[in-house]
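S.K.:
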Amino acid sequence: MNLATRARRPLAALACAALAACAGPQLRPPPPADTDAAQCVELFATVDATIDRAGVRDAMATRIAGFPHLRVDRLLASFREVGGEAATRLWIERLGQLDAAARTFELANLPPYWRAELEHALADPTLRIAERLRRCREVLIEADLADQLRLASLRRAAEVPDDYSLARRTLGLYPLTRLPFAAGVRAFERRTLDTFAQPLDALPTHGRRLRFAPPAAPSIEPVAMRQHLADAAANALALPLPGAETLHRLALALAPVFDVDVIDGNDLIGHPYWPTDGPVAIDIARTAVFYRAAHARFGDDVLLQLVYTAWFPARPRTGPFDLLGGHLDALVWRVTLGPDGEPLLFDSMHGCGCYHFFFPTVRVRPLPHDGDPLEEWLFTPQPPLPRLGADQRAVLRVATRSHYLERVQIEPVSFGADIRYRLEPDDGLRSLPHPQQGRRSTFDSRGFVAGSERAERLVFWPMGVVNPGAMRQWGRHATAFVGRRHFDDPQLIDVRFEYHE
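If you read the sequence shown in my numbering, its first letter stands for residue 1369, the second for the next number, and so on.
1) Counting pairs of Cβ atoms below 8 Å between the segment 1623-1635 and the segment 1761-1774, do you hit three or more?
2) Using a Cβ-Cβ cut-off of 8 Å, state whether T1768 counts as contacting chain C.
3) Mind checking whether P1944 and T1644 have CB atoms under 8 Å apart?
4) With a floor of 4 residues, list each alpha helix (DSSP H) that falls wholly inside the segment 1794-1849, ordered by position along the chain.
5) Between the Cα of P1688 and the Cα atoms of P1590, R1822, L1605, which residue gives the shortest distance?
6) Please tell me whether H1845 and H1854 are closer than 8 Å, where the distance is taken between their beta carbons.
7) Report the CB separation of G1540 from W1745 in whole angstroms; it is logged as a contact under 8 Å.
8) Determine the direct distance from the alpha carbon of A1785 to that of R1576, and round the result to whole angstroms.
9) Could you tell me whether the segment 1788-1797 touches the segment 1649-1661, using the rule of 3 or more Cβ pairs below 8 Å?
10) Go through its chain and collect everything with a Cβ distance to M1352's Cβ below 6 Å, but skip five positions before and after it.
11) Over the uninterrupted beta strand (DSSP E) stretch that includes Q1859, give me the two end residues.
12) In its own chain, which residues sit with a C-beta less than 7 Å from the C-beta of E1866, not counting the 5 before and 5 after it?
13) By Cβ distance below 7 Å, which residues in the same chain neighbour A1678 in space, the five residues on each side in sequence not counted?
14) Helix, strand or coil: how does DSSP classify A1785 here?
15) If you check the beta carbons only, do V1648 and L1674 fall under 8 Å apart?
16) Answer yes if the segment 1410-1429 comes into contact with the segment 1567-1574, meaning at least three C-beta pairs across the two stretches below 8 Å, and no otherwise.
17) To the nearest angstrom, how far is it from the Cα of A1470 to the Cα of E1499?
18) Below 8 Å on the Cβ atoms is my contact criterion, and I expect Y1641 with L1475 to pass it. Report the Cβ-Cβ distance as a whole number of Å.
19) According to the neighbour-count rule (16 or more other Cβ atoms, all chains shown, within 10 Å of its Cβ), is E1449 buried or exposed?
20) Can you name the residues that DSSP bridges to P1640?
21) Quick check: the segment 1429-1440 against the segment 1501-1520, are at least 3 beta-carbon pairs closer than 8 Å?
22) For the alpha helix (DSSP H) that contains F1556, what are its first and last residues?
23) Going by other Cβ atoms of all chains shown within 10 Å of its Cβ, with 16 needed for buried, is L1713 buried or exposed?
24) Give the single residue among L1671, S1533, V1730 whose Cα lies nearest to the Cα of P1752.
25) Have a look at V1440 and L1513 and give me their C-alpha separation to the nearest angstrom.
26) For Y1723, which of helix, strand or coil comes out of DSSP?
27) Among residues of its own chain, excluding the 5 on either side of W1459, which ones have a beta-carbon nearer than 6 Å to its beta-carbon?
28) Measuring straight from C-alpha to C-alpha, what distance separates L1773 and L1547?
29) Taking the continuous alpha helix (DSSP H) assigned at W1459, which residues delimit it?
30) Provide the residue span of the alpha helix (DSSP H) that contains E1774, from first to last.
31) For F1564, I'd like the list of residues in its chain whose CB is within less than 8 Å of its CB, leaving aside the five on either flank, ordered along the chain.
32) Tell me where the beta strand (DSSP E) around P1436 begins and ends.
33) Inspect the beta-carbon positions of V1834 and E1743 and report whether they are closer than 8 Å.
34) Between the beta-carbon of R1652 and the beta-carbon of P1624, is there less than 8 Å?
35) Classify H1574: buried if its beta carbon has 16 or more other beta carbons within 10 angstroms, exposed otherwise.
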């Protein structure tokens, strides 16, 4: 069922799903027969209970009911019907790696009291607990692979719920209220098109323009780029999985330049940190942009994506009736690479999932949309970008205060830069030093940045987006008010574009 069809479900079906009135029985996997595996399940249950009571659950990947040693994201959920012994093993091992990564941060973020309680309950220091979890995960994965009933149950359960609340849409009379919301979206898109249509030198500058550029790095030759991707995808799922060093090199080579209209400190790019009191803040003395790998399934290819996030201290409110302003802001830029390592398209959003823009290159073209005409499907505010040549990169013109994109240009790498930013792994934000608790995630257990709430949540809730306007963790970005769309959906691009070369 496609997104447009789901968006047109009748109100009765929405109510049925929201109230679970039509839900069938929840199938549970058979317990592992092996005694060691059963003891491992108990270990995970003890650790999970402490993590949940301490409120340090990491929300990036979804836990799988009946499989405490595994977690799933939207990419791996799209592979759940994969066949073949090697591909199935790799798929389950990747699910295990998602869990292992999340637990690393959850254990690191345990406050001292809860850490001591867990260590007492298991009669082990935390580092030893992490090793026990690793060994138990291996035991349980082997049990999953050896039991066809468990494996079939895992395939059914490895889903990621979407980030829309059917209950909110039902209570908010979504089929009716989406009409004025859609009109508002179209009005914003028209204003954005007007901005992008202006000559570059006609765009207003309210403060002074500062360019934030990545560290100087040698470019990667096309042959070397293709080899990097081929090596990274040499696995049973043909999934590009570059190592940390290679990923950093690729991220450096394609990192964008942010050309920002700066009127005060709220327009400066900085590093999230925990102050002594209050919510997460941005240290503008530490200029950093955060990167991560993501993936898209495009035709028969699985493509590597590079995702960059720049954090700002705030989107200042313009007055008492400004619903959009508030503490913290973030601009996210994504590069989707073709199999040859050359960018096919770019897209962007803000840290709330808002303002999702697509910037295709001439290598792809949009597909016609035959679904609901009100749905937020594909917004491209400027003509296709040229192919990215050697020693070129994207320059993003960013407005003051709102941090809206106003233009994307491809320029030679020999640009002048007012400020050089550090490029840091995005996962570092899942555990930051805290002056009172040791370490703490930037995000709460629901995947939101506490304190970044916007007043728009009091008005926009009928569209089903939970806590609209708040900054949120990777994997939790719903990017459309009308319709359904997720930034990390691996089929997001495949249903909207095709190759054009």
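No residue lacks a Cβ here, since even glycine has one placed at the ideal position from N, Cα and C.
M.R.: In this structure, then:
1) yes
2) The displayed structure is made up of one protein chain only, and chain C is not part of it.
3) The first residue shown for the chain is 1369 and the last is 1869, placing residue 1944 beyond what the model contains.
4) 1825-1828
5) R1822
6) yes
7) That pair is no contact at about 21 Å.
8) 14 Å
9) yes
10) Since the first and last residues shown for the chain are 1369 and 1869, residue 1352 lies out of range.
11) Where Q1859 is concerned, there is no enclosing beta strand (DSSP E), given that its DSSP letter is neither H nor E.
12) V1732, R1733, L1735
13) F1626, I1637, V1657, A1698, L1699
14) coil
15) no
16) no
17) 14 Å
18) Incorrect: roughly 21 Å between the Cβ atoms, too far for contact.
19) exposed
20) I1650
21) yes
22) 1542-1565
23) buried
24) V1730
25) 17 Å
26) coil
27) F1447, V1450
28) 26 Å
29) 1453-1476
30) First-last for E1774: 1773-1780, but that is the beta strand (DSSP E), not the alpha helix (DSSP H).
31) P1749, Q1750, E1774, R1775
32) 1435-1440
33) no
34) Correcting the residue identity first, residue 1652 is Ile in this sequence and not Arg. In this structure, P1624 does not lie closer than 8 Å to I1652 by Cβ.
35) exposed
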